[in-house]
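Report on the following structure.
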Amino acid sequence: DYWTPAKELFANVHFLQMLTDFDHTDITDEIMVKLQSYIAHKNFTPEAVGRVSFACKSLCIWVRAMYHFHMTSEHTIEPLTKQLKEANLLLAQKRAIMRDHEEV
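The opening position of the sequence shown corresponds to residue 4 in our numbering, with each subsequent residue numbered one higher.
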């Protein structure tokens, strides 16, 4: 039964702030596996959910956005961030070498 905990969550006066403060970069692979079945479900679309509840439609949009952000981040942003860190490390090493030569 998901409805009882959902009603309690929606009744929480801090619920919107919890969504706003949610650290989307901290979504684990375990959570992604659990979300996959919902994301793939034909009735978990904003249009389908919106026919039942406008509030739930907005939450559906948010959940799908978090899911897609994670997937995009994992396959696009993370490799680029790793390359940037490696390039910055190499740059710092080269600058240190240049400083050493300038001091001579």
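Ideal Cβ positions, reconstructed from N, Cα and C, are used throughout, including at glycine.
Since the structure is predicted, the reported quantities are computational estimates derived from the model, not experimental observations.
What does a CB cutoff of less than 6 angstroms around residue i pick up in its chain, not counting 5 residues either side in sequence?
i, result
"F171", "The structure shown does not extend to residue 171, since the chain spans only 4 to 107, so no value can be given for it."
To the nearest angstrom, how far is the alpha carbon of residue i from that of residue j?
i, j, result
"A68", "E11", "23 angstroms"
"E45", "H73", "Note that residue 45 corresponds to Lys in the displayed sequence, not to Glu. Spanning the two alpha carbons is a distance of roughly 21 angstroms."
"D29", "E105", "44 angstroms"
"V107", "T84", "35 angstroms"
"I100", "I34", "45 angstroms"
"S40", "V16", "29 angstroms"
"Q20", "E89", "36 angstroms"
"H27", "W65", "11 angstroms"
"L22", "A43", "22 angstroms"
"A95", "T7", "55 angstroms"
"F57", "V36", "26 angstroms"
So, under 8 angstroms CB-CB, residue i and residue j are touching, yes? Tell me the CB distance rounded to an integer number of Å.
i, j, result
"C63", "P82", "Actually they are not in contact, since the Cβ atoms of C63 and P82 sit about 29 angstroms apart, beyond 8 angstroms."
"L38", "Y70", "5 angstroms"
Only counting the same chain, and skipping five residues up and downstream in sequence, which positions put a Cβ closer than 8 angstroms to that of residue i?
i, result
"H78", "none"
Once you ignore the five residues that flank residue i on each side, which residues in its own chain have a CB closer than 7 angstroms to its CB?
i, result
"F18", "L12"
"F47", "Y41 and C63"
Verify the contact flag: residue i, CB atom, against every heavy atom of the ligand GDP, threshold strictly below 8 angstroms.
i, result
"G53", "Although the ligand GDP was asked about, the structure shown includes no ligands whatsoever."
Uninterrupted alpha helix (DSSP H) stretches inside the segment 28-52 (no shorter than 4 residues):
32-43
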